[in-house]
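Asker:
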Amino acid sequence: MKALIASGSGRYADPWHPYAQTSPLIAEVLETAGFAVEIDEDVDRAMTRLEGAELVVVNAGDPWRSEDQGRAPAAAIDGFAEALGRGIGVLAMHAALASLRDYPDWAPTIGALWLPGVSWHPPMGPTVVRGLASPDGGALGDIPVDDEQYLRLQPVGRSTTVAEHDVDGERFPAVWVREVGPSRVAVDALGHDERSYASAEHRALLATLARWVARAPSA
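Now the structure itself:
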């Protein structure tokens, strides 16, 4: 199985998220899960290179916050749409909830958006994310992790929550899955920096999500 990670750089970089450090950690998890992985640090170019890939991972930031006011080329927008049409697996990581804003299919695909002025997160630190149900039908325990908790995201359509945050007695989705046409989609709102991937439970969940969206055969 082939996986392509679109990693934030250029106008998809930001001062808060070390994509150059976290994308290789995601790649390590995927390789252990049986994927042949490539990292492309040009996000728009990656969207034109999805033919033959079973999985695309977006680990990138908000291009509309960049000083570079360029826009995604039509070939990239069409490339992502074509991949969705054939059923590619999609895995969106953390800040991807505020990424690919030029792509009309992105928000309806991932099922939620970071809404400036509304969405927020408490200070980063150790937390325990409550596991609900694994998308592959297996048991899912709680996930201790040192990370950010994204709250008050804007839902787009319906999703199935896999794990959730509990903040001041209110629950917020942290990881969810959905199906969009022939494609399976997973969103992991964890993954702010390297500390998140030090959690064995988070790495195990990430591998499960990747294999589920890519419809990987059972081991």
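According to my numbering, the sequence shown is numbered sequentially starting from 408. Glycine included, every Cβ here is placed at the ideal spot set by N, Cα and C.
1) What residue does the alpha helix (DSSP H) around I517 start on, and which one ends it?
2) Rounded to the nearest angstrom, how far is the Cβ of Y419 from that of V450, given a contact under 8 angstroms?
3) Provide the residue(s) that pair with W527 in DSSP beta bridges, ordered along the chain.
4) Is A499 buried or exposed, if buried means 16 or more other CB atoms sit within 10 Å of its CB?
5) Any chance the region 561-570 sits against the region 465-479, with 3 or more Cβ pairs inside 8 angstroms?
6) I believe G496 touches R585 by the beta-carbon criterion, under 8 angstroms. Please report the beta-carbon distance rounded to the nearest angstrom.
7) Could you say which of V444, S606, F579 lies nearest to A519 if we only look at CA atoms?
8) Pick helix, strand or coil for V450, following the three-state DSSP scheme.
9) Out of curiosity, what's the CA-to-CA distance linking D475 and G415?
10) For A581, which residues of its own chain have a beta-carbon under 6 angstroms away from its beta-carbon, when the five flanking residues on both sides are left out?
11) Please classify W423: is it buried, with 16 or more other beta-carbons within 10 angstroms of its beta-carbon, or exposed?
Answerer: This is what the structure holds:
1) Within the sequence shown, the letter at position 110 stands for residue 517. First-last of the alpha helix (DSSP H) with I517: 513-517.
2) As a position in the sequence shown, residue 419 is number 12, starting the count at 1. As a position in the sequence shown, residue 450 is number 43, starting the count at 1. Sure, about 5 angstroms apart at Cβ, within 8 angstroms.
3) In the sequence shown, counting from the first residue as 1, residue 527 sits at position 120. Looking at the DSSP assignment, W527 forms a beta bridge with L558.
4) For the purposes of this step, residue 499 is identified with residue 92 of the sequence shown, where counting begins at 1. Buried.
5) no
6) Translated into the one-based positions of the sequence shown, residue 496 becomes position 89. Translated into the one-based positions of the sequence shown, residue 585 becomes position 178. Going by Cβ atoms, the distance from G496 to R585 rounds to 12 angstroms, so no, they are not a contact pair.
7) Position 112 of the sequence shown, counted from the start, is the residue given in the question as residue 519. That would be F579, whose Cα lies nearest to the Cα of A519.
8) Here residue 450 refers to the residue found at position 43 when the sequence shown is read from its first residue. V450: helix per DSSP, three-state reduction.
9) Counting from one through the sequence shown, the residue named residue 475 turns up at place 68. Counting from one through the sequence shown, the residue named residue 415 turns up at place 8. Using only the alpha carbons, I get a separation of about 14 angstroms.
10) Within the sequence shown, the letter at position 174 stands for residue 581. Excluding positions up to five away in sequence, the list reads V536, A570, E571, H572, A596.
11) In the sequence shown, residue 423 corresponds to position 16, counting from 1. It is exposed - the Cβ of W423 has fewer than 16 other Cβ atoms within 10 Å.
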